[in-house]
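Chains as they are written, first to last, in my numbering: chain W, 1 to 324; chain H, 325 to 601.
Okay, structure coming up:
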């Protein structure tokens with residue numbers, strides 16, 4: 001706090017020089033203004049109010065109405081009825097449960113695979129063509145989910161998909177990955193894990209990079225077994241970045257909408273319909289704006305909870321760094 | 325290590341194989357873009373084929389394709405430029421003057437990026453319908469600017485906090501104006517932050533689909549919408565169309581992470597983890 005307070009009148013204006021005289025009136029006014037910090041915040045506050053605060057209030061309002069866009073009758077005020085409906089319906093618990101198991105499996109899969117491969121790539125410093133290899137490795141996470149969802153339908157296709165070519169070669173059987181009730185969920189997770197394992201590799205590499213060299217050298221000299229090195233040297237130092245990675249991935253997987261929309265459209269049945277997609281269908285396919293708004297408010301609360309956890313983890317590192 | 329050059333070579337070979345495995349689905353689609361329609365849907369996969377440019381030429385000649393591609397460029401670059409200017413001003417104020425509520429606003433903005441896209445777009449859609457902003461260019465570009473702000477703000481504030489206050493003090497004492505201090509003295513110090521925020525926000529807007537699908541219309545449509553609607557309408561999917569669009573559209577992000585690899589870590593973690601891989 002104290003470090004950042006400037007004298008209200010900037011030194012420049014206190015000692016007028018040839019320079020200050022040539023200055024534009026606007027710049028002079030800014031130099032003398034006590035509200036300079038607030039003026040800088042002007043644009044972001046406009047954006048924040050118009051695109052966040054107003055829509056949020058709108059959403060809150062609509063969530064108390066029974067409002068179907070395509071219906072002729074005007075919106076009808078129903079109080080907390082939409083929320084009560086959501087609370088009572090069994091579908092919502094199925095939906096949340098499905099989203100949760102998707103999150104756990106995809107984050108878990110990407111984390112385990114990413115950590116193993118991250119360790120593998122640890123010593124890649126002198127690898128020939130490293131930059132190109134890493135580009136290829138990291139490609140999946142920067143692709144448009146829409147494109148990924150689309151082309152995996154081709155790869156998973158029961159008749160001419162290459163995935164079936166391999167399963168037939170290996171176990172002599174063909175599957176309808178995205179059309180079968182038992183396989184669609186797993187197939188969606190596999191694609192998501194493929195997309196996001198590179199991110200966890202990246203985070204693992206960053207975590208390994210944050211381990212002090214001296215401690216690793218000491219372990220090398222002491223011939224400490226690898227499991228102990230991981231347990232006592234790598235984990236305590238790299239834990240924070242790994243945790244951040246897992247958390248970011250958890251938040252992101254909660255948001256998954258485009259990928260299942262293009263790949264399976266939530267089907268078969270509702271096996272791959274997660275919160276984001278369900279919300280989309282309630283709002284923009286069934287046009288039940290009231291129900292969709294209540295659901296949106298619930299997801300918003302979940303998101304705020306995630307953001308708080310994220311900030312807690314960040315501040316945890318800061319306080320720990322101060323102690324050392 | 326150097327005692328066993330063959331072991332090292334084997335290790336590097338293994339790493340290359342892993343990298344190629346991760347790239348292989350993408351490669352398969354890129355290959356499909358150069359195949360004839362029959363080769364794509366043949367029940368036994370065709371690995372060796374005579375490449376043809378017909379698909380790509382056909383996609384480029386598609387009436388809307390170039391317009392949509394142009395819109396992808398205009399919207400992603402334009403909105404991120406707006407976002408970066410807005411968030412640099414705010415980040416400077418937050419970092420240097422710490423007005424009350426700094427942490428709270430940073431927190432609220434961050435949480436807006438943690439909500440599923442469909443929950444974000446719903447209230448905006450209701451608002452835009454009433455204001456008449458849906459399907460307009462300014463509605464789209466300003467919305468994407470808002471979408472890019474939280475992330476740019478977090479990256480830039482992180483970098484600005486790392487720039488010593490001595491720079492500001494020296495500049496002000498020597499008679500520089502506040503604007504001079506901000507743009508000529510401090511701004512150059514956070515160039516890596518600007519680059520990271522710029523590249524990765526462009527990537528996010530570039531890859532975005534749902535907002536554009538719901539809020540956009542004639543004249544503001546980007547390629548992902550073309551891809552999704554092209555696939556969804558009517559029974560048979562035109563795979564050579566999908567593959568060629570994917571090829572053209574996915575190359576820029578891949579090239580971007582090749583050239584900006586050292587910003588990848590900052591870019592993918594809201595600027596909270598610094599460093600290179």
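All C-beta atoms in this analysis are idealised placements derived from N, C-alpha and C, irrespective of residue type, glycine included.
Output the boundary residues of the alpha helix (DSSP H) element that contains residue i.
i: residue 133 (chain W); result: 130 to 138
i: residue 142 (chain W); result: Premise fails: residue 142 (chain W) is in no alpha helix (DSSP H) and is neither H nor E.
i: residue 245 (chain W); result: 235 to 255
i: residue 470 (chain H); result: 461 to 485
i: residue 515 (chain H); result: 515 to 531
i: residue 563 (chain H); result: 563 to 583
i: residue 346 (chain H); result: 329 to 357
i: residue 183 (chain W); result: Taken as a continuous stretch (DSSP letters only), residue 183 (chain W) belongs to no alpha helix (DSSP H), as it is neither H nor E.
i: residue 536 (chain H); result: 534 to 539
i: residue 454 (chain H); result: 441 to 455
i: residue 226 (chain W); result: 226 to 229
i: residue 268 (chain W); result: Note, residue 268 (chain W): premise wrong, no alpha helix (DSSP H); not H, not E.
i: residue 428 (chain H); result: 426 to 436
i: residue 178 (chain W); result: Careful: residue 178 (chain W) lies outside any alpha helix (DSSP H) and carries neither H nor E.
i: residue 546 (chain H); result: No alpha helix (DSSP H) contains residue 546 (chain H), which DSSP labels as neither H nor E.
i: residue 379 (chain H); result: 378 to 385
i: residue 286 (chain H); result: The question about residue 286 (chain H) has no answer, for chain H in this structure spans 325 to 601.
i: residue 47 (chain W); result: 36 to 48
For residue i and residue j, I'd like the C-alpha separation in whole angstroms.
i: residue 85 (chain W); j: residue 100 (chain W); result: 21 Å
i: residue 145 (chain W); j: residue 115 (chain W); result: 23 Å
i: residue 113 (chain W); j: residue 197 (chain W); result: 6 Å
i: residue 186 (chain W); j: residue 233 (chain W); result: 35 Å
i: residue 50 (chain W); j: residue 300 (chain W); result: 18 Å
i: residue 570 (chain H); j: residue 351 (chain H); result: 11 Å
i: residue 77 (chain W); j: residue 155 (chain W); result: 48 Å
i: residue 563 (chain H); j: residue 448 (chain H); result: 34 Å
i: residue 123 (chain W); j: residue 229 (chain W); result: 16 Å
i: residue 162 (chain W); j: residue 332 (chain H); result: 33 Å
i: residue 429 (chain H); j: residue 289 (chain W); result: 28 Å
i: residue 507 (chain H); j: residue 59 (chain W); result: 39 Å
i: residue 88 (chain W); j: residue 270 (chain W); result: 19 Å
i: residue 220 (chain W); j: residue 329 (chain H); result: 20 Å
i: residue 591 (chain H); j: residue 384 (chain H); result: 31 Å
i: residue 2 (chain W); j: residue 489 (chain H); result: Only weak support is given to the placement of residue 2 (chain W): the predicted model assigns it a pLDDT of 43, under 50, and the value that follows is read from those uncertain coordinates. Going from the Cα of residue 2 (chain W) to the Cα of residue 489 (chain H) covers about 12 Å.
i: residue 134 (chain W); j: residue 41 (chain W); result: 39 Å
i: residue 589 (chain H); j: residue 258 (chain W); result: 24 Å
i: residue 29 (chain W); j: residue 427 (chain H); result: 28 Å
i: residue 57 (chain W); j: residue 310 (chain W); result: 25 Å
i: residue 606 (chain H); j: residue 165 (chain W); result: What the structure shows of chain H is the stretch from 325 to 601, and residue 606 (chain H) is not part of that stretch, so it cannot be assessed.
i: residue 287 (chain W); j: residue 548 (chain H); result: 23 Å
i: residue 578 (chain H); j: residue 527 (chain H); result: 10 Å
i: residue 582 (chain H); j: residue 534 (chain H); result: 27 Å
i: residue 498 (chain H); j: residue 485 (chain H); result: 22 Å
i: residue 295 (chain W); j: residue 83 (chain W); result: 8 Å
i: residue 297 (chain W); j: residue 202 (chain W); result: 33 Å
i: residue 306 (chain W); j: residue 434 (chain H); result: 10 Å
i: residue 273 (chain W); j: residue 337 (chain H); result: 40 Å
i: residue 371 (chain H); j: residue 176 (chain W); result: 22 Å
i: residue 412 (chain H); j: residue 459 (chain H); result: 29 Å
In this structure, what does DSSP give as the bridge partners for residue i?
i: residue 68 (chain W); result: W:288
i: residue 77 (chain W); result: W:65
**Request:** Evaluate contact between the segment 165 to 176 of chain W and the segment 372 to 391 of chain H, counting only Cβ atoms and requiring at least three cross-stretch pairs below 8 Å.
**Result:** Inter-segment contact for the segment 165 to 176 of chain W and the segment 372 to 391 of chain H is absent: fewer than three beta-carbon pairs are separated by less than 8 Å.
**Prompt:** Looking at C-beta atoms only, is the number of pairs between the segment 55 to 69 of chain W and the segment 197 to 215 of chain W that lie closer than 8 Å three or more?
**Reply:** With fewer than three CB-CB distances shorter than 8 Å, the segment 55 to 69 of chain W does not count as touching the segment 197 to 215 of chain W.
**Message:** Under 9 Å, CB to CB, which of the residues in the segment 257 to 271 of chain W have a partner in chain H?
**Reply:** Listed by position, the residues of the segment 257 to 271 of chain W near chain H (Cβ gap below 9 Å) are 257, 258, 261, 262, 265.
**the segment 463 to 477 of chain H: positions lying closer than 8 Å to chain W by Cβ** = Sequence-ordered contacts of the segment 463 to 477 of chain H with chain W read 466, 467, 469, 470, 473, 477 [C-beta pairs closer than 8 Å].
**Asked** Is the number of C-beta pairs between the segment 468 to 486 of chain H and the segment 403 to 414 of chain H that are closer than 8 Å three or more?
**Response** Result yes; three or more Cβ-Cβ pairs closer than 8 Å.
**Request:** With 8 Å as the limit, tell me which residues of the segment 212 to 234 of chain W have their beta carbon closer than that to any beta carbon of chain H; keep them in chain order.
**Result:** Against chain H - using a Cβ distance shorter than 8 Å - the segment 212 to 234 of chain W contributes no residues.
**Asked** Three or more beta-carbon pairs under 8 Å between the segment 28 to 45 of chain W and the segment 414 to 426 of chain H, yes or no?
**Response** Using a Cβ-Cβ distance cut-off of 8 Å, the segment 28 to 45 of chain W and the segment 414 to 426 of chain H are in contact, since at least three pairs of beta carbons, one from each stretch, lie closer than that value.
**Prompt:** Between the segment 430 to 450 of chain H and the segment 272 to 289 of chain W, do at least 3 Cβ pairs fall closer than 8 Å?
**Reply:** Contact between the segment 430 to 450 of chain H and the segment 272 to 289 of chain W is present, because at least three Cβ pairs lie under 8 Å.
**Asked** Is the number of C-beta pairs between the segment 232 to 246 of chain W and the segment 259 to 268 of chain W that are closer than 8 Å three or more?
**Response** In short, these stretches do not touch, since the Cβ pair count stays below three.
**Message:** If the cut-off is 8 Å on Cβ atoms, which residues from the segment 184 to 216 of chain W count as contacting chain H, listed in chain order?
**Reply:** So the list reads 194, 197, 198, 199, 202, 203, 205, 206, 209, 210, given in the order they occur along the chain.
**Selection of the segment 113 to 126 of chain W by Cβ proximity to chain H, strictly under 9 Å** = If the cut-off is 9 Å between Cβ atoms, the segment 113 to 126 of chain W has 117, 120, 121, 123, 124, 126 near chain H.
**Asked** Counting pairs of beta carbons, one from the segment 570 to 584 of chain H and one from the segment 411 to 421 of chain H, are three or more of them closer than 8 Å?
**Response** The segment 570 to 584 of chain H and the segment 411 to 421 of chain H do not touch, with fewer than 3 CB-CB distances between them shorter than 8 Å.
**Request:** For the segment 293 to 307 of chain W, enumerate the residues whose C-beta is nearer than 7 Å to any C-beta of chain H, in chain order.
**Result:** Contact annotation: in the segment 293 to 307 of chain W, residues whose CB is within less than 7 Å of a CB in chain H are 293, 296, 299, 300, 303, 304, 306, 307.
**Request:** Would you list, in chain order, the members of the segment 22 to 33 of chain W that have their beta-carbon closer than 7 Å to a beta-carbon of chain H?
**Result:** Going along the segment 22 to 33 of chain W in chain order, one finds 23, 27, 30, 31 with a Cβ nearer than 7 Å to chain H.
**Asked** Does the segment 127 to 141 of chain W touch the segment 336 to 351 of chain H, meaning 3 or more C-beta pairs lie closer than 8 Å?
**Response** At 8 Å Cβ cutoff, the stretches touch.
**Request:** Using a Cβ-Cβ cut-off of less than 8 Å, give me the residues of the segment 333 to 355 of chain H that come near chain W, in sequence order.
**Result:** For the segment 333 to 355 of chain H, the set of positions with a beta-carbon nearer than 8 Å to some beta-carbon of chain W reads 335, 336, 338, 339, 340, 342, 343, 344, 346, 347, 349, 350, 352, 353 in chain order.
**Message:** Short of 7 Å Cβ to Cβ, which residues in the segment 241 to 252 of chain W face chain H?
**Reply:** Correct list: 241, 244, 248, 251.
**Item:** Residues within the segment 578 to 598 of chain H neighbouring chain W, beta-carbon criterion of under 7 Å
**Value:** Going along the segment 578 to 598 of chain H in chain order, one finds 578, 581, 582, 585, 588, 589, 592, 593, 596, 597 with a Cβ nearer than 7 Å to chain W.
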